[in-house]
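Engineer: Here the protein sequences come in this chain order: A and B.
Going letter by letter, the first sequence gives residues 1 to 500 in our numbering.
Going letter by letter, the second sequence gives residues 1001 to 1396 in our numbering.
We put the CB at the ideal spot given by N, CA and C, even for glycine.
Quick one: structure below, then a few questions.
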Amino acid sequence: MAALAALALVGCASTPPGAPTAAASPDMPWLERLTFGVNSAVLAQYRKLGRDGFLEAQLHATDERLPEAVSQDITQLAIGQVDAARLVLGLAAEQKRINALPDGTEKQAARQKFNDQGNQAAYEARRRELLRALYSPAQLKEQMVWFWLNHFSIFEQKGNVRWLMGDYSERAIRPHALGRFRDLVMATLEHPAMLQYLDNAQNAAGHINENYARELMELHTLGVDAGYTQHDVQELARVLTGVGIAGAEPPRLRPELRGYYLRDGAFEFNPARHDFGAKTLLGQPLTHHGFAEVAEAVDLLVHQKACARFLSRQLAEYFVGDDPPGALVARMAQTFQDSDGDIAAVLRTLFTSRELAAQAGRKFKDPMQYVLSAVRLAYDTRLIENMHPVTGWLVALGEPEFGHQTPDGYSLQDAAWSSSGQMSRRFEIARTIGSGSAGLFDPENGGPATVVGFPLLTTPVYYGVLEPSLSAPTRNALQRARSQQEWNLYLLASPDFNFR
Amino acid sequence: MNRRHFMRTGLAVAPALTLAGRLFAAPPGSPRFLCVFLRGGYDCANFLVPWSSSFYYEKRPRIAIPKPDPAIMDGALALDADWALAPAVRDSLGPLYQQRQALFIPFAGTEDLSRSHFETQDSIELGQPLQTTRDFSSGFLARLAGTLSGAAPIAFTDTLPLAFKGDAGIASISLQRAGKSPFDATQTAALRGMYAGGHLESAVTEGLELQQEVAQAMQEEMQAANRGAISTKGFELTAERMARFMRTQYRLGFVDVGGWDTHVNEGAAGGALATNLNSLGKGLVTYAESLGEEWNNTVVFVLSEFGRTFRENGNGGTDHGHGSVYWVLGGRVNGGRIAGEQVRVAHETLFQDRDYPVLNNYRSVLAGLFGTMWGLGPQQLEVIFPGARPLDLKLV
């Protein structure tokens, strides 16, 4: 019956009776870029606060209240219960115990169990991020958490990252997502997930590992063409010696080094592993010693013009377009420098720019934006039960969270997501979402699905937001749909929905 | 296969009647080329074993592959007095080599010394001179495709590889993850209609067509399975599916295979590397068989970003090195030999006292090969590999 009723609506999709008029619509393309897809909650917030008020609320994440059921869900996750420092030590002990077991079924079973626990922790970390991205009113913050997780990318298959990535996003990324860039760099620098992923935990005086030092400049702060040299990489690697992961006991140190020792959770600065020799970075001699020298080096990096430009350009690529206007990037970089790297301030420059408005509807959604916006359109604020289909779609589309092997993160460019094979796969996912509940309402702990059948995309949000601006070819396709499911497929596959 | 053989029918000079570079009718007998990229830097010294080198056995106490022994039927296979094939590929590549349909080029690679997977894969796929600023929108296979009108290129990967980045939209589809049920004609027309005239038009059109073709191929596979054919998996399955595409409408293919970064416990005659090599070797034989007659028009080129350290490390593995061993396979390649410039494998010939040196630059080797395969002149080769000196190793 529902299908028939919907079909009746479909028949007159271009002139919906009783639908809000286009004139009443807020600035949709702008809202589409500020959020992971406009839903009824976004519209309500916008109507209440007005355009400026909405932007300020988003820039400062003034309202992060999650629906009660989502908060409860997140509180109950096992990854929320452990402290990273204890976790790191516990994992090391458990690995040691397993390795010491004689080869045989017991060892195999212990390995399997250990592995399963890692996978569960990884899934929980993904689930938590996706729940917030889908349902938090602070949508810009959620996008920025995703942006920074990608900018300071870590890979789940390295070391014990699977267990640590939840803590990484919770403690290193999330608190600073709209804050100061320098704090973000320091928080990732001190986190055991990053220290493992880019091997700085192994970087010690006399046993230099350049991996993190190189990426800290190339990918995190300055960009590859910023003019630093291989010598700068080597010097920064020396600066970073001794920055590592805390063991069970503090190291025994010579008295003159004790004052330099630092320990905070899983992070440790071990002066016995640090190279205390003089260093020059970007032509500037460093004057501090020990970990203060690390902070000094990071300060030097984040205050480079190149850093302001690099970060501004990346943000503009993500929110504006593949080749963002140079004038906009320059203004953002100026804001970055004037505000001492205040991310919210830089985003204000971006979201109040004419250049953004001029690119309305031209940025191809990456898989994360696509999948989340499709689920938000299909089910609005109705909470989904099961996150496995969502993570599966992200895998199929090539953008799973914490799944990028190399430290460069996923591409911000449209072309990375719109090859021929990716287009047809995206259409297949559009069909899956449009033609049934897709497993989203099958409770994860078993039991019958709480919602069955296909979603009705002809919602007030659709009429208020999408319908007025649909292109003629898309209307044409929608009118030819032979069923509600097919109509859903066309809408979710349309360029109107795939660009923002 | 010789140059004349390719030249006779090989040059498609007419502009292609294509969408996104897709060829609808290519002359029979035109060359077909498949590039297989082993991502992660495979340990070539445990693939093509330098068995006459005592240095090899000295420096790899735990992971060296035992010398070939005529009495041991499943051991390494001696190819000549110096080189032997790893046991893992003895039954797949061994016969191809003996039929002169396979050859190997040791000491091959790039002058890129970053020893970073990421950097080196990129620089190889771009195929540009190292001294210049990289242009990330221009890969060497895309430039080859642009030089040969009607090359009909396709990547069997999720995302378009850098090697195929260029002005023309080139099709890419992963055959591992392909869906089973394509859209029907009405849906296909509606989906295409929405993108008509936009910049994604050709990607959408190609994608929907590829989806049909893959579904068709899977249908045939199922029928074959029902008739009792052995079901394949992993790279063999990909190889069989690739052959369906490459024996008909496509002529320039790319696929990548991962899992070669063996820092820890790589094994010797058996183990992690052997398992991976075994699957790759079987897959390539499957590819050759599935191509049928077209195998005679085909060249498969296998490469990797770098070799690995000659000495084993403390964890029974090897670390990032330099020179590699490339493979050239095909029905009429000039096979059954070890090609290119070589040196004795010994301590004093190691590069930076750790790796195989690179004596055969990939740009020169490929430029020489492409020149012969398609009869390309210096100007055309200059477009594909700017500044490279083509090296004619008489591969075909």
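#1: Taking 8 Å as the CB-CB limit, is phenylalanine 1118 of chain B close to chain A?
#2: Looking at chain A, is there any beta carbon in it that lies within less than 8 Å of the beta carbon of methionine 1194 of chain B?
#3: Would valine 395 of chain A pass as a contact of leucine 134 of chain A if the rule is Cβ separation under 8 Å?
#4: Output the distance between the C-alpha atoms of leucine 236 of chain A and alanine 360 of chain A, rounded to the nearest integer angstrom.
#5: Check glutamine 284 of chain A in the structure and name its three-state DSSP category.
#6: Quick check on the DSSP output: what are the complete beta strand (DSSP E) runs of length 3 or more inside the region 228-277 of chain A, in order along the chain?
#7: Here's the rule I'm using: 16 or more other beta-carbon atoms within 10 Å means buried, otherwise exposed. How should isoleucine 245 of chain A be labelled?
#8: Quick one: Cα of alanine 1346 of chain B to Cα of glutamate 1111 of chain B, how far?
#9: To the nearest angstrom, how far is it from the Cα of proline 1386 of chain B to the Cα of valine 1396 of chain B?
#10: What's the gap between the Cα of glycine 1371 of chain B and the Cα of glycine 1040 of chain B?
#11: So with CB distances below 8 Å, who are the chain B contacts of proline 495 of chain A?
#12: Comparing the C-beta of tyrosine 410 of chain A with each C-beta of chain B, is any distance below 8 Å?
#13: If you draw a straight line from the alpha carbon of phenylalanine 497 of chain A to that of arginine 33 of chain A, how long is it in whole angstroms?
#14: Could you check whether the region 435-450 of chain A touches the region 1192-1205 of chain B, counting it as contact only if at least three pairs of C-beta atoms, one from each stretch, sit closer than 8 Å?
#15: If you draw a straight line from the alpha carbon of phenylalanine 269 of chain A to that of asparagine 99 of chain A, how long is it in whole angstroms?
#16: For the region 349-364 of chain A against the region 306-320 of chain A, are there 3 or more C-beta pairs whose distance is under 8 Å?
#17: Report the residue ranges of all alpha helix (DSSP H) runs contained in full by the region 424-454 of chain A; include only those spanning at least 4 residues, in chain order.
#18: In the DSSP assignment, find the beta strand (DSSP E) that holds serine 1304 of chain B and state where it starts and stops.
#19: Using only alpha-carbon positions, find the residue among B/Asn1313, B/Ile1124, B/Thr1157 and B/Asn1278 that is nearest to alanine 1388 of chain B.
#20: Is the number of C-beta pairs between the region 1135-1153 of chain B and the region 1179-1193 of chain B that are closer than 8 Å three or more?
#21: Going along the chain, which residues of its own chain have a beta-carbon closer than 7 Å to the beta-carbon of tyrosine 46 of chain A, five neighbours each way excluded?
#22: Please classify alanine 481 of chain A: does DSSP put it in a helix, a strand, or coil?
#23: DSSP three-state call for proline 1050 of chain B: helix, strand or coil?
#24: Does any C-beta atom of chain B lie closer than 8 Å to the C-beta of phenylalanine 441 of chain A?
#25: Specify, as a first and last residue, the run of the beta strand (DSSP E) that tryptophan 1083 of chain B falls within.
#26: Leucine 360 of chain A versus chain B: which residues are under 8 Å apart at the beta carbon?
#27: At a cut of 8 Å, does the region 400-415 of chain A reach the region 1185-1193 of chain B through at least three beta carbon pairs?
#28: For histidine 220 of chain A, which residues in the same chain have their Cβ closer than 8 Å to its Cβ, ignoring the five residues on either side in sequence?
#29: Does arginine 111 of chain A have its Cβ less than 8 Å from a Cβ in chain B?
#30: Leaving aside the five residues before and after serine 1052 of chain B along the sequence, list all residues of the same chain whose C-beta is less than 7 Å from its C-beta, in chain order.
#31: Out of curiosity, what's the CA-to-CA distance linking proline 1161 of chain B and valine 1214 of chain B?
#32: Among A/Gly446, A/Ile384 and A/Gln484, which residue has its Cα nearest to the Cα of alanine 438 of chain A?
#33: Shorter than 8 Å from the beta carbon of serine 419 of chain A to some beta carbon of chain B?
#34: Quick check: valine 1365 of chain B and valine 1333 of chain B, are their CB atoms within less than 8 Å of each other?
#35: Are any of the Cβ atoms in chain D nearer than 8 Å to that of glycine 1166 of chain B?
#36: Assuming phenylalanine 1107 of chain B and asparagine 1360 of chain B form a contact by the criterion Cβ under 8 Å, report the distance between their Cβ atoms to the nearest whole angstrom.
Structural biologist: Taking the geometry as given:
#1: yes
#2: yes
#3: no
#4: 41 Å
#5: Look at glutamine 284 of chain A here: in three-state DSSP terms it is strand.
#6: 243-245, 262-264 and 267-269
#7: Looking at its Cβ environment, which holds 16 or more other Cβ atoms inside 10 Å, isoleucine 245 of chain A is buried.
#8: Each residue's Cα considered, the two are about 21 Å apart.
#9: 23 Å
#10: 29 Å
#11: Contact note: proline 495 of chain A reaches chain B through Met1194, Tyr1195, Gly1198 and Leu1200, using a C-beta cutoff of 8 Å and chain order.
#12: no
#13: One alpha carbon belongs to phenylalanine 497 of chain A, the other to arginine 33 of chain A, and they sit about 12 Å apart.
#14: They do not touch, by the three-pair rule.
#15: Put simply, the backbone Cα of phenylalanine 269 of chain A is about 28 Å away from that of asparagine 99 of chain A.
#16: Touching, yes.
#17: none
#18: 1298-1304
#19: Checked all of B/Asn1313, B/Ile1124, B/Thr1157 and B/Asn1278; the closest Cα to alanine 1388 of chain B is B/Ile1124.
#20: no
#21: Cβ neighbours of tyrosine 46 of chain A beyond the five flanking positions: Pro26, Leu31 and Phe54.
#22: coil
#23: strand
#24: Among the residues facing chain B, phenylalanine 441 of chain A is not included, as its CB has no counterpart in that chain under 8 Å away.
#25: 1083-1085
#26: It is worth fixing the name first, because residue 360 of chain A is alanine in this sequence and not leucine. Ordered by position in chain B, no residue passes the 8 Å Cβ test against alanine 360 of chain A, which lies about 15 Å from the chain.
#27: No, the region 400-415 of chain A does not touch the region 1185-1193 of chain B.
#28: His151, Phe152, Val185 and Thr188
#29: no
#30: In chain order, Ala1081 and Asp1082 place their CB closer than 7 Å to the CB of serine 1052 of chain B, counting only its own chain and leaving out the 5 sequence neighbours on each side.
#31: 20 Å
#32: Measuring C-alpha to C-alpha distances from alanine 438 of chain A to each of A/Gly446, A/Ile384 and A/Gln484 identifies A/Ile384 as the nearest.
#33: yes
#34: no
#35: Of the chains in the structure shown, none is chain D; the protein chains are A and B.
#36: 6 Å
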